[in-house]
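Sequential numbering of the sequence shown, starting at 0, is according to numbering that gives the first Met the number 0. Input: a single structure, listed below in structure tokens.
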Amino acid sequence: MQNQVEGIVIRTMPYGETNKIVTLFTKEAGKITCMARGAKKPASRLAAITQVFTHGSFSIYKGKGMGTIQAGDPLESLRHIREDIMSTAYASYVTELIDRLTEQDEPQPAIFDMLYQALHAIDEGYDPEAITLFVEWKMLQTAGLTPTLHQCANCGSTEGEFAFSFQELGFLCHRCFHIDSYIIRLSPALVKLIRTFYFVPIERVGSLTLKKESKSLLKQIVRTIYEEKAGIRLKSRKFLEQLERTPEFLPKKEELPKDK
């Protein structure tokens, strides 16, 4: 049976000398894995369309086993992601997280839309760290984790000072700080940011400009949730953290002239 799907390449692995196994996240069918025969050959018509982060239309033959990519037409290459090492690292983290948390052949159009918008935002030069944080908070529900962020996880209060509790998996108000000795206190601005990342669609967020300290704390919280509550630590995280620790070794970008 021949199917036409719109998808984004989120993972590839070599198979034999000339073939690739390609994982697509598609609009119609969710995550699917296919064989791309001959795609490792530079002259192959499948070589370009099966590069990671490529958004395309794919013709797939599905028999009893794994599907086979027969042909594909690129819709967008998102090549700027591949030209910048930091963008590549963050985009790789995003795609690995979505790959890790989703099942095969399960249509999830909302996740496809989020992936599409996140990769486009990174490709267009928006802060990749902020975009990645957005995806991390949004994917908690897919991981089966539903933190209490609209009110105090203990007493239900919606007013007062708040802190994050890993024990309660959510916010605690100042009246309930005593029930967890390891809370992370949050400013009102950080409380609002966490709620924005978790509840608001990415297209409504616009281009957020976040302080480095804010991103660091939000990253610490969400990644601790994944590790402690779901046992998830991604391979791409190690490389990403190495880059974040040694920014002085990254290629220098040309600075735009400042306004006088």
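Ideal placement from N, C-alpha and C gives every residue a C-beta, glycine not left out.
Buried versus exposed call for residue i [16 or more other C-beta atoms within 10 Å across all chains shown]
i: Cys154; result: exposed
i: Val4; result: buried
i: Ala42; result: exposed
i: Gln103; result: exposed
i: Gly64; result: exposed
i: Lys19; result: buried
i: Ala109; result: exposed
i: Gly29; result: buried
i: Ser180; result: exposed
i: Gln107; result: buried
i: Ser164; result: buried
i: Ser186; result: exposed
i: Pro146; result: buried
i: Ala188; result: exposed
i: Asp122; result: buried
i: Ser215; result: exposed
i: Gly230; result: exposed
i: Gly66; result: buried
Span of the alpha helix (DSSP H) around residue i
i: Ala229; result: Lys211 to Ala229
i: Glu5; result: Segment Gln1 to Tyr14 is the beta strand (DSSP E) holding Glu5; no alpha helix (DSSP H) there.
i: Leu239; result: Lys234 to Arg244
N- and C-terminal bounds of the beta strand (DSSP E) containing residue i
i: Ala109; result: No beta strand (DSSP E) contains Ala109, which is instead part of the alpha helix (DSSP H) from Pro108 to Asp122.
i: Tyr197; result: Element bounds for Tyr197: not the beta strand (DSSP E) but the alpha helix (DSSP H), Pro187 to Phe198.
i: Ser164; result: Phe161 to Ser164
i: Leu171; result: Gly169 to Cys172
Coarse secondary structure for residue i, derived from DSSP in three states
i: Glu75; result: strand
i: Met85; result: helix
i: Phe133; result: helix
i: Val21; result: strand
i: Tyr60; result: strand
i: Cys33; result: strand
i: Thr94; result: helix
i: His54; result: strand
i: Arg44; result: coil
i: Ile182; result: coil
Cβ-based neighbour list, residue i, same chain, cut-off 6 Å, excluding 5 preceding and 5 following
i: Glu226; result: Arg232
i: Glu95; result: Leu233 and Ser235
i: Glu27; result: Val4
i: Gly15; result: none
i: Glu105; result: Gly29
i: Gln150; result: Thr157
i: Leu207; result: Ala129
i: Ile220; result: Phe163
Own chain, CB closer than 8 Å to residue i, minus 5 neighbours either side, in chain order
i: Val21; result: Val8, Arg10, Thr11, Thr32, Cys33, Met34, Ala35, Ala38, Thr49 and Ile68
i: Ile224; result: Leu139, Leu144, Pro146, Phe165 and Leu168
i: Thr53; result: Ile7, Val8, Ala47, Pro73, Glu75, Ser76 and Leu77
i: Ser58; result: Gln1, Asn2, Gln3, Ile68, Gln69, Ala70 and Gly71
Cutoff 8 Å: residue i Cβ touching any chain D Cβ
i: His79; result: No chain D appears in this structure, which consists of one protein chain only.
Nonlocal neighbours in the same chain, by C-beta distance under 7 Å from residue i, ignoring five residues either side
i: Ile201; result: Met113, Gln116, Ala117 and Phe133
i: Leu100; result: Met138, Thr141 and Ala142
i: Thr131; result: Tyr89, Tyr92 and Val93
i: Lys56; result: Note on residue identity: the sequence assigns Ser, not Lys, to residue 56. Within the same chain, Ser56 has close Cβ partners Gln3, Glu5, Gly71, Asp72 and Leu74.
i: Lys218; result: Leu132
i: Thr87; result: Ile80 and Arg81
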